[in-house]
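**Q**
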Amino acid sequence: MALVTVSEILQRAEEGKYAVGAFNCNNMEIVQAIIGAAEAEKSPVIIQASQGAIKYAGLDWITGMAKLAAQQAGVPVALHLDHGTSFEQCMQCIKAGFTSVMFDGSKLPLEENIAETNRVLAVARAVGVSVEAELGKIGGTEDDITVSEREAMLTDPQEAKEFVERTGVDSLAVAIGTAHGQYKGEPKLDFERLKEIKSLVNVPIVLHGSSGVPDEAIKKAISLGVRKVNIDTNIREAFTNTMRRVINEKPGEIDPRKILGPAREAAMEIIREKIRVFGSSGRA
Ligand SMILES: [Zn+2]
Numbered sequence: 135m136a137l138v139t140v141s142e143i144l145q146r147a148e149e150g151k152y153a154v155g156a157f158n159c160n161n162m163e164i165v166q167a168i169i170g171a172a173e174a175e176k177s178p179v180i181i182q183a184s185q186g187a188i189k190y191a192g193l194d195w196i197t198g199m200a201k202l203a204a205q206q207a208g209v210p211v212a213l214h215l216d217h218g219t220s221f222e223q224c225m226q227c228i229k230a231g232f233t234s235v236m237f238d239g240s241k242l243p244l245e246e247n248i249a250e251t252n253r254v255l256a257v258a259r260a261v262g263v264s265v266e267a268e269l270g271k272i273g274g275t276e277d278d279i280t281v282s283e284r285e286a287m288l289t290d291p292q293e294a295k296e297f298v299e300r301t302g303v304d305s306l307a308v309a310i311g312t313a314h315g316q317y318k319g320e321p322k323l324d325f326e327r328l329k330e331i332k333s334l335v336n337v338p339i340v341l342h343g344s345s346g347v348p349d350e351a352i353k354k355a356i357s358l359g360v361r362k363v364n365i366d367t368n369i370r371e372a373f374t375n376t377m378r379r380v381i382n383e384k385p386g387e388i389d390p391r392k393i394l395g396p397a398r399e400a401a402m403e404i405i406r407e408k409i410r411v412f413g414s415s416g417r418a
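Note that the numbering used here has the sequence shown beginning at 135, numbered continuously upward.
#1: Taking 7 Å as the cut-off, is the beta-carbon of residue 272 closer than that to any non-hydrogen atom of ligand 1?
#2: Rounded to whole angstroms, what is the Cα-Cα separation between residue 306 and residue 362?
#3: Can you give me the C-alpha to C-alpha distance between residue 347 and residue 259, rounded to a whole angstrom?
#4: To the nearest whole angstrom, what separates the beta carbons of residue 417 and residue 152, a pair I think is in contact under 8 Å?
#5: Closer than 8 Å is the cut-off here; do at least three beta carbon pairs connect the stretch 279-286 with the stretch 231-246?
#6: For a test of the three-state rule: what should DSSP assign to residue 397, helix, strand or coil?
#7: Count the other C-beta atoms from every protein chain shown that fall within 10 angstroms of the C-beta of residue 175, then say buried if there are 16 or more, exposed otherwise.
#8: Inspect the beta-carbon positions of residue 137 and residue 201 and report whether they are closer than 8 Å.
#9: Mind checking residue 150: buried by the 16 CB within 10 Å criterion, or exposed?
#10: Considering only residues of the same chain and omitting the five flanking positions on each side of residue 295, which have a CB-CB separation below 7 Å?
#11: What residue range is occupied by the uninterrupted beta strand (DSSP E) comprising residue 150?
#12: Measuring alpha carbon to alpha carbon, tell me which residue in 173, 312, 204, 224 is nearest residue 188.
#13: Could you pull out every residue in the same chain whose Cβ sits closer than 7 Å to the Cβ of residue 298, ignoring the five residues on either side in sequence?
#14: How about residue 373 and residue 164: do their beta carbons lie closer than 8 Å?
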């Protein structure tokens, strides 16, 4: 199959009340792990790449791998830009063949975030590409912040309503207490806030920083309207920890396949587990 849009995948998720995993890739093994997991679970899947991943692997390589993966797969596959922070980056990805982009204007004042999101939307709409936007600030787990600072970073429900009405984005990433990276303690999600946001906006909600959030909390968030769940850190952990284990066990091993092969397996396993938690198994 050719790559499909994230909107198409999330539309079906909305109807079925489940969520679809958006898994970050930056090399061939991880792309294969994502596709292998989706096929084994018969689940639609979103492959996403950050600006850092694009810088590392090259835009054409990421696009090429995802297109090939989609062509060979028996499940719907979308290719999404994760946290595009400029109009230019979004345009480069659209031109290369991404079927979805996130414009992350969360660091901008509200009016500028709306204006820049609309600039990206105007082009994306014309060529049938989906757009995700972010409102509120999804911090990093390394950020040392107080309770009031945390409160200020979370998505304001009324602002979310205004933002969606004035942009018409396809999906909205919200800050409800998750963070990017490895959590030190257990993350506390603001479910009341999520419920209120969902009652005010009629687009699928995206949860970032979902690695390390307990399965039950993820399931609850899905029951309250989350339809796209981003996972990066859990894949990095599985992949790199396996490489480290193999190298420690066999210090003389020089065949990359003997090191990366098990890492790819481990990544695929964790992705399959996530897909089952999100409820998208058997939905392809
Ligand atoms: Zn994110």
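Where a beta carbon is used, it is the ideal one built from N, C-alpha and C, also for glycine. Model, not experiment: these values are computed from the prediction.
**A** Reading from the atomic positions:
#1: Checking the Cβ of residue 272 against ligand 1 gives yes.
#2: When rounded, the distance between both Cα atoms is 10 Å.
#3: CA-CA distance, residue 347 to residue 259, rounds to 33 Å.
#4: Between residue 152 and residue 417 the Cβ distance is about 6 Å, and since that is below 8 Å, they are a contact.
#5: Judged by Cβ distances under 8 Å, the stretch 279-286 makes no contact with the stretch 231-246, as fewer than three pairs qualify.
#6: When DSSP states are grouped into helix, strand and coil, residue 397 belongs to the helix group.
#7: Counting C-beta atoms within 10 angstroms of its own C-beta, residue 175 has 16 or more neighbours from the protein chains shown and is therefore classed as buried.
#8: Their beta carbons are under 8 Å apart, which means residue 137 touches residue 201 by this criterion.
#9: The residue in question, residue 150, is exposed, as its Cβ has fewer than 16 Cβ neighbours within 10 Å.
#10: Excluding positions up to five away in sequence, the list reads 334, 335.
#11: For residue 150, there is no enclosing beta strand (DSSP E); the enclosing alpha helix (DSSP H) has its first and last residue at 140-150.
#12: The closest CA to that of residue 188, considering only 173, 312, 204, 224, is found on 224.
#13: If we look at residue 298 and ignore the five residues flanking it on each side, its Cβ neighbours are 306, 335, 337.
#14: With contacts defined as CB atoms closer than 8 Å, residue 373 and residue 164 qualify as a contacting pair.
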